[in-house]
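Chains A and H supply the protein sequences, listed in that same order.
So the first sequence is residues 1280 to 1542, counted in the numbering used here.
So the second sequence is residues 4 to 215, counted in the numbering used here.
See structure below.
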Amino acid sequence: MNLRAELAIIGRGARMQQRVIGALIIRELGGRFGRYYFGYVWLFIEPMLLGAAIGLLHYWRDRPTAFGPFEFFAIGYILFFVFRGILNRAPSAIPGNQALLYHRHVTLPDIFFARHIIECIACAGVLILMLFGLYVVDGSIPESPIKIAAAMALMALLSQGLAFLWASMSYAVDVAGRFLQAITFLILPIGGLFFLVEWLPVWAQEIMLWIPTVHIFELLRDGQFGSRFRAIYDLYYVAGWIVVTHLLGLAALRITRQRIGLE
Amino acid sequence: MSLELINVYKSYPMISGRKVVLSGANGHISRGEKIGILGRNGSGKSTLVRMFAGVEAPTKGRIKCSMSISWPIGVSAGVKPTLTGEENARFIARLYGRNEKRTVEFVESFAELEEYLRMPIMTYSSGMRSRLSLSISLAVDFDCYLVDEALAVGDTRFGRAFAERIERSGLILVSHSPALVRRLCTRAAVLDQGNLTFYDDLDEALATYNAL
């Protein structure tokens, strides 16, 4: 087969996948919130409310530091929400949608892609809204919006790889899904949301830098107020995590697909 | 354009040993053919349907398919109860790259749902649900319709319209009812203890099946 014919086949496949994911997104939106348009608003309000609450809590309680506690915690929480939102919904992704596999061009990864795109759009929307709000209130502008966007994208990709793995595991062993709630809760204090690596003693820095989300939070803060502290992160390490979790996760989904007994 | 079974072997694990559904099946179904596949309960009809639909792979052998085959009609296939009939029709149209407006218009004229088309599926009776899913699959326009069993449409106005529409395409009807196969098909195969035997003569197939 010549190159042109192969490219044509890949192109057709890509268009089909785009169509499938688009259809799944619309279905997911309609189904998650039922008939009420308030549901669409809730998609944005949930992260905004939680982010703002955490931000305000620290704003009132903390001693003044080099950065405003509100922007430190509220913006950080949105990034954490991407992680939490994608992972907490992972165990229900396969059982809730497996009947869709009767349509032969729907694949398991497509189901995840559709859900993750929704999650990312909601969180990116809230992030932009909050940054704009901060600009209106006290005129602060993030130092590098590109780094903030990159942090958001990396967090989404890392969560996606983990979600593939987690969904496969909880499909095989039911209780694995129950542990997840606990694990995303436990990762909250050590995931990088509440501290800068710089604040920690050196021995603790070394331990914390094993956790990939810590690097992503550092990148976020670098984008927000990088000139006011020393950001410590290694994007190659994060990329490694993303690649490995995706490879293992997609392989696990492939095995899971064969085990799914359609009724 | 056809569906071809080449030495297809299918088994799945049971608590002890493996259940064999097909042991080396061969066969050929051309475009436009109406074929019935008869099997007793538990003979593996549903597994066979899923393999024809391309959503479950054979353990060994190949299924070569060069025509468009519907999803198994009669299974709910991801219909979301919180969405309306119209929204579900639009979803399927998007999924298969069909015109949304025309799909909805077809379902509107065919399913006899009236204003229920704009109500969530969870408010439907089971008859309304099956009319909706049948209509949606007819709107997509496949070369061959894969119909699993409980085609509970019977001799109603809708049932007759359905049979008439099916007349224009191919049909693979998997059933344990010889009467239904005789009404809708021109050829048949019998699935029994892992053997899938095709008969060109409908009467011969029905006689074999009745003798099981």
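We treat Cβ as the ideally placed atom computed from N, Cα and C, and that holds for glycine.
Own chain, CB closer than 6 angstroms to residue i, minus 5 neighbours either side, in chain order
{"i": "R168(H)", "result": "L141"}
{"i": "L1406(A)", "result": "I1357"}
{"i": "M70(H)", "result": "M4, R34, D146 and C147"}
{"i": "S73(H)", "result": "S140, F145, Y148 and L149"}
{"i": "Y1450(A)", "result": "I1373 and T1535"}
Own chain residues within Cβ distance below 8 angstroms of residue i, not counting five before or after
{"i": "Y119(H)", "result": "G88, T126, Y127 and M131"}
{"i": "H179(H)", "result": "L41, G42, R43, N44, K48 and E152"}
{"i": "S112(H)", "result": "none"}
{"i": "I124(H)", "result": "V82, K83, P84, T85, L86, T87, G88, N91, R132 and L135"}
{"i": "R1536(A)", "result": "L1380, T1386 and L1387"}
{"i": "Y202(H)", "result": "R190, A191, A192, V193, A208 and T211"}
{"i": "Y1414(A)", "result": "I1420"}
Bridge-paired residues (DSSP) for residue i
{"i": "N198(H)", "result": "D195(H)"}
{"i": "T87(H)", "result": "P123(H)"}
{"i": "Y1414(A)", "result": "DSSP, once it has assigned bridges, lists no residue as partnering Y1414(A)."}
{"i": "V150(H)", "result": "I76(H) and L176(H)"}
{"i": "R218(H)", "result": "In the structure displayed, chain H extends from 4 to 215; residue 218(H) sits before or after that span and is not available."}
{"i": "R21(H)", "result": "P16(H)"}
Host alpha helix (DSSP H) of residue i (start-end)
{"i": "V177(H)", "result": "Per DSSP, V177(H) belongs to no alpha helix (DSSP H); it is in the beta strand (DSSP E), G173 to S178."}
{"i": "S136(H)", "result": "S129 to V143"}
{"i": "E103(H)", "result": "E103 to F113"}
{"i": "W1489(A)", "result": "Neither: W1489(A) is in no alpha helix (DSSP H) and is coded neither H nor E."}
{"i": "N213(H)", "result": "L205 to A214"}
{"i": "P1421(A)", "result": "Run containing P1421(A): none; DSSP gives neither H nor E here."}
{"i": "H1525(A)", "result": "L1514 to R1538"}
{"i": "E1350(A)", "result": "P1348 to N1376"}
{"i": "F161(H)", "result": "R160 to I169"}
The beta strand (DSSP E) enclosing residue i, as first and last residue numbers
{"i": "N10(H)", "result": "S5 to P16"}
Beta-carbon proximity of residue i to residue j, cut-off 9 angstroms
{"i": "N102(H)", "j": "K63(H)", "result": "no"}
{"i": "I1469(A)", "j": "V1452(A)", "result": "no"}
{"i": "A1530(A)", "j": "W1445(A)", "result": "no"}
{"i": "A208(H)", "j": "V177(H)", "result": "no"}
{"i": "V150(H)", "j": "T106(H)", "result": "no"}
{"i": "L86(H)", "j": "R1306(A)", "result": "yes"}
{"i": "G81(H)", "j": "Y1381(A)", "result": "yes"}
{"i": "S33(H)", "j": "G77(H)", "result": "no"}
{"i": "G1519(A)", "j": "F1496(A)", "result": "no"}
{"i": "A182(H)", "j": "I139(H)", "result": "no"}
{"i": "M1295(A)", "j": "H1395(A)", "result": "no"}
{"i": "Y1319(A)", "j": "L1328(A)", "result": "no"}
{"i": "L25(H)", "j": "L215(H)", "result": "no"}
{"i": "T211(H)", "j": "T200(H)", "result": "yes"}
{"i": "M54(H)", "j": "I66(H)", "result": "yes"}
{"i": "A1430(A)", "j": "L1499(A)", "result": "yes"}
{"i": "S1419(A)", "j": "G1505(A)", "result": "no"}
{"i": "I1397(A)", "j": "I1373(A)", "result": "no"}
{"i": "K1426(A)", "j": "D1501(A)", "result": "yes"}
{"i": "L1532(A)", "j": "S1447(A)", "result": "yes"}
{"i": "L174(H)", "j": "E7(H)", "result": "no"}
{"i": "S79(H)", "j": "A1378(A)", "result": "yes"}
{"i": "E1477(A)", "j": "R1509(A)", "result": "yes"}
{"i": "F1252(A)", "j": "P1326(A)", "result": "In the structure displayed, chain A extends from 1280 to 1542; residue 1252(A) sits before or after that span and is not available."}
{"i": "L51(H)", "j": "K22(H)", "result": "no"}
{"i": "V1517(A)", "j": "P1491(A)", "result": "yes"}
{"i": "L98(H)", "j": "R1298(A)", "result": "yes"}
Residues of its chain near residue i, where Cβ-Cβ distance is below 7 angstroms and the 5 sequence neighbours each way are ignored
{"i": "F1323(A)", "result": "A1401, G1404 and V1405"}
{"i": "R121(H)", "result": "T87 and E89"}
{"i": "A1353(A)", "result": "G1330, A1331, I1333, G1334 and M1409"}
As an exercise, report each continuous alpha helix (DSSP H) stretch of at least 4 residues that is fully enclosed by the region 23-71 of chain H, in chain order.
With a minimum length of 4 residues, the continuous alpha helix (DSSP H) runs that stay inside the region 23-71 of chain H are 48-55.
Which residue spans inside the region 1432-1489 of chain A form an unbroken alpha helix (DSSP H) run of at least 4?
1453-1469 and 1481-1487
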